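Mind the numbering: the sequence shown is residues 0 to 80 in numbering that gives the first Met the number 0, read in order. Ideal Cβ placement from N, Cα and C applies to all residues, glycine included. Just so you know, these numbers come straight off a predicted model, no measurement behind them. For reference, the structure discussed in these notes is given below.
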Amino acid sequence: MSQPLRLPDGPFTRAEASAVSACYQNVAIEDDQQTHFRLVVRDTDGSLIWRDWNFAAGAGQGLNRFIADYGIPVPEAPDNA
Numbered sequence: 000m001s002q003p004l005r006l007p008d009g010p011f012t013r014a015e016a017s018a019v020s021a022c023y024q025n026v027a028i029e030d031d032q033q034t035h036f037r038l039v040v041r042d043t044d045g046s047l048i049w050r051d052w053n054f055a056a057g058a059g060q061g062l063n064r065f066i067a068d069y070g071i072p073v074p075e076a077p078d079n080a
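Listed below in structure tokens is the structure:
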């Protein structure tokens, strides 16, 4: 099994956020202002667990912790052998 995709510890780019959010059912980009945005982790019922702006110092570090604890991975597609 490969290592989960992680954000850098500090600020992160839209490409990095998109790559991480594509791996989890409950991680998404919200409050998109084009130049900046929030990455959000939600519970199964849609309740907010954690969010941070992409430009904030230490944003990736906090989000990585909550994604590791609460992230719901997108199921892998079955092999068509």
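Check	Outcome
Answer yes or no: do PRO13 and ASN63 have a C-beta to C-beta separation smaller than 8 Å?	Here residue 13 turns out to be Arg, not Pro, going by the sequence shown. Contact: no.
Any chance the CB of VAL39 is under 7 Å from a heavy atom of the ligand ATP?	In the structure shown, the ligand ATP is absent, as is every other ligand, since no ligand is present at all.
Taking the alpha-carbon positions, what's the VAL40 to CYS22 distance?	12 Å
Kindly indicate the opening and closing residues of the alpha helix (DSSP H) around LEU38.	Here LEU38 belongs to no alpha helix (DSSP H); instead the beta strand (DSSP E) covers 37-41.
One question on the structure: do TRP49 and HIS35 come within less than 8 Å of each other, judged by their Cβ atoms?	no
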